[in-house]
Amino acid sequence: MTSKGGKLRDVPLPDPVADALKAHMKLFPPVEITLPWMRAGGPPVTKRLLFTGPLGGHVWRTSLNEDHWKPALAKVGVIPTAKSREHAAAREHGMHALRHFYASVLLDAGESIKAVSEYLGHSDPGLTLKVYAHLMPSSRDRARQALGRALRPDDSPH
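Going by the UniProt record's numbering, the first residue of the sequence shown is number 1, and it counts up by one from there.
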């Protein structure tokens, strides 16, 4: 994956997502498109797009958020139904919210802050910790259990 800063990084892809993408690509094969990279007038780069816009080009983030994502959230009651373009600029309900969901699921599962930082493309794990510390599960129980396992091997009486 390439970030907005132009750095390449690998992120774990869960099997259900890989399966869904494979099924999608059978029905809608990826489309090669050449665009300026990272900025208008940037060097042209050819990429294989898994999803395309109505005219076959790339999907604009703003139109995906405003025309599809946020109306879907409103339809299922996650956010209130917008009055005209009320939620258009609300970043917290846009695709960026998936980034926070991703981080919170990983942290809740016990993934290290260093790994989550790398997956998110943060150059400093301290930033990740500052932004997501409130999502981290309490370590008190985990610490107690880890020490208990270390001090009482499985084969000893309890």
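Positions of the beta carbon are idealized from the N, C-alpha and C atoms, including for glycine. All of these numbers come straight from a predicted model, not from anything done at the bench.
Item checked: Status (buried if at least 16 other CB within 10 Å, exposed otherwise) for Ala150 -> In the sequence shown, residue 150 corresponds to position 150, counting from 1. By the 10 Å Cβ count, Ala150 comes out exposed.
Next item on the list: Identify every residue that forms a DSSP beta bridge with Leu35.
Entry: Looking up residue 35 in the sequence shown gives position 35. For Leu35, which the question treats as bridged, DSSP gives the partners Val45.
Margin query: Any contact between the stretch 90-107 and the stretch 121-134? By contact I mean 3 or more CB pairs, one from each, below 8 angstroms.
Written below: yes
Notebook entry, point to check: On the three-state DSSP scale, how would you describe Leu135?
Noted result: The residue labelled residue 135 in the question sits at position 135 within the sequence shown. Note: Leu135 maps to helix in three-state DSSP.
Margin query: With distance defined between alpha-carbon atoms, name the residue in Thr46, Val31 and Glu32 nearest to Met38.
Written below: Counting from one through the sequence shown, the residue named residue 38 turns up at place 38. The shortest C-alpha separation from Met38 is found at Thr46.
Next item on the list: Could you tell me if His68 is buried or exposed, where buried requires 16 or more neighbouring beta carbons within 10 angstroms of its beta carbon?
Entry: Start at 1 with the first residue of the sequence shown, and residue 68 comes out as number 68. His68 should be labelled exposed.
Note to self: Quick check on DSSP: helix, strand or coil for Leu73?
What the structure shows: Within the sequence shown, the letter at position 73 stands for residue 73. Leu73 falls in the helix class under three-state DSSP.
Notebook entry, point to check: For the alpha helix (DSSP H) that contains Arg99, what are its first and last residues?
Noted result: For the purposes of this step, residue 99 is taken as the residue at position 99 of the sequence shown. Run containing Arg99: His96 to Asp108, per the alpha helix (DSSP H) assignment.
Item checked: Secondary structure of Leu50, DSSP reduced to three states -> In the sequence shown, residue 50 corresponds to position 50, counting from 1. Three-state result, Leu50: coil.
Next item on the list: Taking 9 angstroms as the cut-off, decide whether the C-beta atoms of residue 178 and Leu49 are in contact.
Entry: There is no way to answer for residue 178, as the model of the chain reaches only from 1 to 158.
Note to self: Here's a check: name, in chain order, each residue in its chain whose Cβ is nearer than 8 angstroms to the Cβ of Pro44, leaving out the five neighbours to either side.
What the structure shows: Here residue 44 corresponds to residue number 44 of the sequence shown, with the count starting at 1. Correct list, in chain order: Thr34, Leu35, Pro36 and Trp37.
Notebook entry, point to check: How should Ser117 be labelled, buried or exposed, when 16 other C-beta atoms within 10 angstroms of its C-beta is the threshold for buried?
Noted result: Sequence index remark: in the sequence shown, residue 117 carries index 117 (1-based). That one is buried.
Margin query: At the level of alpha carbons, what is the spacing between Gly126 and Lys7?
Written below: What you label residue 126 is simply residue 126 of the sequence shown in a count that begins at 1. What you label residue 7 is simply residue 7 of the sequence shown in a count that begins at 1. C-alpha separation (whole angstroms): 19 angstroms.
Notebook entry, point to check: Would Tyr119 pass as a contact of Val17 if the rule is Cβ separation under 9 angstroms?
Noted result: On the sequence shown, residue 119 is found 119 positions in, with the first residue counted as 1. On the sequence shown, residue 17 is found 17 positions in, with the first residue counted as 1. Not closer than 9 angstroms, so no.
Notebook entry, point to check: Between which two residues does the alpha helix (DSSP H) harbouring Thr62 extend?
Noted result: In the sequence shown, counting from the first residue as 1, residue 62 sits at position 62. Its alpha helix (DSSP H) spans residues Arg61 to Leu64.
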